Amino acid sequence: MINVPRGTKDVLPNQSYKWQYVEETAREVARVFNLKEVRTPTFEHTELFKRGVGETTDVVNKEMYTFEDKGGRSMTLKPEGTAGVARMFIENGLASSPMPVKTFYITPAFRYENPQAGRLREFHQFGIEVFGSSSPETDAEVIFAASSFLDKLKIKGVKLEINSIGCRICRNEYNKALKNYFAPHLEEMCANCRSRFDKNPLRMLDCKEEKCKNIAKGAPKITDYLCDDCKKHFDGVRSLLDAEGLEYTVNSNIVRGLDYYSRTVFEFVSTEIGSQGTVCGGGRYDGLLSELGGNPLPAIGFAAGIERLLLLMENTGVPFPEDSVPLIYLAGMDEKSRAQAFKIAAGLRGNGVCAEVDHMQRSVKAQLKYADKTGAKFVAVIGESELESSVLNVKKMSDGTTSAVKIAELYSYLCKEDK
Ligand code: ATP
Ligand code: MG
């Protein structure tokens with residue numbers, strides 16, 4: 012028996028409606044925010060993620076699914092969505108379209124992680140990326156889009172945390188302060204942090220090791236080092252959130268897992284699903300497009316982990332809409348009736364009605380039992396007399412009543428009754 016690979020999951024036929032619901036909700040949020048869907052390849056040149064995610068990140072250092080293809084090129088399964096969308100933006104000259112360019116995606120992502128609840132090796136993200144605007148309105152709108160997605164799903168108890176990590180200018184000063192702070196603790200910190208100390212001390216705030224986390228708690232706060240422009244921008248974002256009454260806390264330890272962020276960063280965090288509590292994370296990445304060789308345009312986005320959302324919804328008893336069921340099950344008593352049932356079902360399906368018939372040569376009794384299991388809303392049995400009269404006795408399963416309905420009028424009857 013060959014098992015599903017560690018850290019991956021099947022979505023079973025009786026569970027997929029939950030995924031569809033979350034994805035439909037994502038699409039609906041995208042529609043009202045005027046975000047257009049984009050799809051990029053599942054694998055890209057490894058170099059894209061090295062440059063676009065950053066060499067000092069866990070994602071690039073430890074988590075990438077990298078392989079050599081038969082042509083000897085180094086390829087990587089996408090560990091996140093942003094780098095691919097940024098590449099697409101540059102490669103297709105979208106910089107010359109009217110700004111901002113507002114996009115969204117629903118994509119699988121791959122990271123070689125230690126699998127646990129809410130942490131998989133293949134997971135899925137709903138993400139948005141908005142290119143071309145550096146105004147605080149855009150930051151606020153992206154945060155509102157994430158918040159309205161969680162609201163629409165009726166997810167409760169998720170807290171918004173925001174921070175600004177400044178720009179290159181303020182980060183210069185801040186990095187010096189961080190180094191001064193971390194230098195005496197370096198011996199006690201993990202090897203990763205020791206190498207981050209030289210390359211990108213900001214990353215040391217994002218370490219997952221308990222001992223490093225504890226040391227990072229006392230580190231200087233980036234918000235005390237913001238330059239005037241970054242401070243003004245952050246204040247602007249905050250007042251827009253305040254104006255909408257969107258609650259948040261400023262958490263100066265949020266730096267986000269990826270290297271290319273600047274200014275606003277944010278996370279939506281739940282306490283209900285253990286340590287993997289971040290259901291959505293995002294931020295501004297004004298330096299990414301130029302890093303990838305494009306025009307230096309600002310951009311901002313977020314990604315929400317669909318598995319984590321589903322886990323949260325299941326754990327907290329958030330209601331899902333019911334799965335779809337057949338509108339009618341047509342049982343046949345003999346060969347001729349079964350053929351007729353098949354024909355009626357084909358006609359109904361042509362009109363968009365979900366109709367079901369027997370595939371298993373079951374007895375009528377067994378067919379009815381199966382019909383019940385499918386949750387069909389109406390059931391009709393076809394036998395000799397129905398064939399002769401072209402009238403069916405249609406049973407409404409919700410109340411057990413039956414109605415005599417002409418086959419020619421079955422479709423309009425079902426439409427009328429299925430309210
Ligand atoms: P974490 O701190 O949990 O490792 P991250 O900072 O690596 O998260 P991002 O790269 O910002 O996560 O990805 C955005 C979202 O994607 C996360 O908030 C989370 O909901 C989801 N996500 C990230 N990694 C995984 C994973 N391995 N399995 C399931 N969901 C994930
Ligand atoms: Mg991670």
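The numbering used here runs 11 ahead of the 1-based position in the sequence shown. Yeah, the Cβ is synthetic: ideal placement off N, Cα and C, and Gly gets one too. The structure displayed is predicted, hence computed values, not measured ones.
Separation of arginine 207 and asparagine 191 (C-alpha to C-alpha, rounded to the nearest whole angstrom) is 14 Å. Leucine 23 sits exposed, since fewer than 16 C-beta atoms from the chains shown fall within 10 Å of its C-beta. Relative to tyrosine 340, the option among Phe389, Ala315, Ser348 whose CA is nearest is Phe389. The residues Leu341, Gly343, Val368, Ile393, in chain order, have a CB closer than 6 Å to that of alanine 352 in the same chain once the five nearest residues on each side in sequence are set aside.
For leucine 303, the CB contacts under 8 Å within the same chain, skipping 5 residues up- and downstream, are Leu59, Arg62, Gly63, Ala94, Ala97, Arg98, Ile101 in chain order.
Of the candidates Leu338, Val169, Cys218, Val169 places its Cα closest to the Cα of threonine 289.
Of the candidates Arg274, Val375, Lys89, Arg274 places its Cα closest to the Cα of aspartate 239. Judged by beta-carbon spacing, glycine 129 lies within the 7 Å limit of glutamine 287, meaning their Cβ atoms are closer than that value. Assignment of glutamate 133 by DSSP, reduced to helix, strand and coil, places it in the strand class. As computed with DSSP, valine 280 is found in a beta bridge with Lys170, Thr289. The Cβ atoms of glycine 316 and glutamine 136 sit closer than 7 Å to each other.
DSSP places glutamine 351 in the helix class (H, G or I) of the three-state scheme. Under the Cβ criterion (8 Å, minimum of three pairs), the segment 201-218 does not count as touching the segment 240-260. When DSSP reads this structure, threonine 260 sits in a beta bridge with Glu172.
When the alpha-carbon of alanine 156 is set against those of His56, Leu46, Lys73, the nearest one is in Leu46.
Distances from the CB of glutamate 325 to the heavy atoms of the ligand ATP are all 6 Å or more. For threonine 93, the enclosing alpha helix (DSSP H) has its first and last residue at 93-102.
Counting C-beta pairs with one atom in each stretch, the segment 223-243 and the segment 256-269 have three or more that are closer than 8 Å, which means they touch. Three or more beta-carbon pairs separated by less than 8 Å are not found between the segment 80-88 and the segment 108-115, which leaves the two stretches without contact. Rounded to the nearest whole angstrom, the CA to CA distance from glutamate 74 to valine 329 is 32 Å. Beyond the five residues adjoining it in sequence on each side, threonine 260 comes within less than 6 Å, by CB distance, of Glu172 in the same chain, given in chain order. For asparagine 72 and isoleucine 311, the gap between their C-alpha atoms comes out near 24 Å. By the Cβ test, the segment 141-148 is not in contact with the segment 193-206, since fewer than three Cβ pairs between them sit closer than 8 Å. Scanning Ala194, Lys427, Cys181, Asp253 for the CA closest to the CA of alanine 151 turns up Asp253. Minimum Cα-Cα distance from leucine 321 among the listed residues Glu91, Tyr123, Gln31, Val15 corresponds to Gln31.
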